[in-house]
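Residue numbers for the sequence shown follow my numbering, beginning at 154 and rising by one.
Think of the CB as a built atom: it goes at the ideal place given N, C-alpha and C, for glycine as much as any other residue.
What you are looking at is a predicted structure, and each value in this text was computed from that prediction instead of being measured.
Have a look at the structure below before the remarks.
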Amino acid sequence: MLRAAGVGVGDEVVVPAYGNVEVAEAVTLAGGAPVFADIDPVTFCLDPAAVEAAVTPRTAAVVVVHRFGRQADLARLHALGRRFGLLVLQQGESEAPYDEVAQRRERAAYLDAKLRGVRAPDGGDGHTYQQYVVRVPGNGRPDRDAFARALRARGVECGVPVKTPVHRLPEFRRCVSLPETERAADETLALPVDASLTKRDMQRVVSACNALGGLLQPAF
């Protein structure tokens, strides 16, 4: 996609560091240089203001990655592209059948209403809940990781969606300030909302989270 768009040697491409390394690798394979911009803390997608701050005369494109079933702010990003003459490319998630999305939303609504001690995701803008990603308040990664281990010990499957931001990986290490990306990598945890889960399964998730969540205090 990047090569077809004409991205090549000497071009910079703005990409998120919160996510998989494949996007940055694709930019490199096309001959360009990935430039990392911070994310919006609600959607976990590129923050248009951070993208604008990352633009230089060498910037040729922006790769927008939609995350966890939540859409990036495409209206602002396309406006930014028009203003600076940039290509705005998208990497989407595979779309689930409507019935499956409806069931995920039903389970997400149940968790929204019942969970205590963790911060539930914002369900705006047609969230399809490819993943139900909460934030575990506390003092960062040790609290989140301990919380995840305790949930698994109680029979609740959960996962850390992004363990290491791309700008911290050896091959893409950059000295760049991405506070929301760092915070999200330290605090986020994906809880199960699969359509196959029964009401009893969901009750187990809530019971396990609430038993632990009350022990955590927000970081100041």
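A157 and A266 have their C-alpha atoms some 46 Å from each other. Excluding residues up to 5 positions away in sequence, C311 lie with their Cβ nearer than 7 Å to the Cβ of R305 in the same chain.
Within the same chain, and ignoring the five residues on either side of P187 in sequence, the residues whose Cβ sits closer than 7 Å to its Cβ are V166, V168, A177, V180, T181 and F325.
In the three-state reduction of the DSSP assignment, L264 falls in the helix class, which pools H, G and I. Distances from the alpha-carbon of D191 to those of N363, G159 and R336 put R336 closest. For R223, same chain residues with a beta-carbon under 6 Å away, outside a window of 5 residues either side, are T196 and H280 in chain order. Counting only the Cα atoms, G245 lies some 17 Å from R229. Look at the segment 327-372 and you find these whole runs of beta strand (DSSP E), each 3 residues long or longer: 341-344. If only uninterrupted alpha helix (DSSP H) runs of at least 4 residues are considered, those enclosed by the segment 178-240 are 201-207 and 227-237.
Two segments are said to touch when three or more pairs of C-beta atoms, one from each, lie closer than 8 Å; by this definition the segment 200-212 does not touch the segment 351-366. The three-state secondary structure of P250, taken from DSSP, is coil. According to DSSP, V168 shares a beta bridge with F189. Rounded to whole angstroms, the gap between the alpha carbons of V315 and A338 is 6 Å.
In the three-state reduction of the DSSP assignment, Q244 falls in the strand class, which pools E and B. Straight across, the Cα-Cα distance linking F237 with A213 is about 9 Å. Our two residues, R307 and L342, have alpha carbons roughly 16 Å apart in a direct line. Less than 8 Å separates the beta-carbon of A261 from that of Y285. At a Cβ-Cβ threshold of 8 Å, R288 and E340 count as neighbours. For V286, the uninterrupted beta strand (DSSP E) segment begins and ends at Y285 to R288.
The C-beta separation of A170 from T334 comes to about 5 Å, placing the pair in contact by the 8 Å criterion. The beta carbon of V160 sits closer than 8 Å to the beta carbons of V166, V180, A183, G184, G185, A213, A214 and L240 from its chain, once the five residues preceding and following it are set aside; these are given in chain order. G161 is not bridged by DSSP to any residue.
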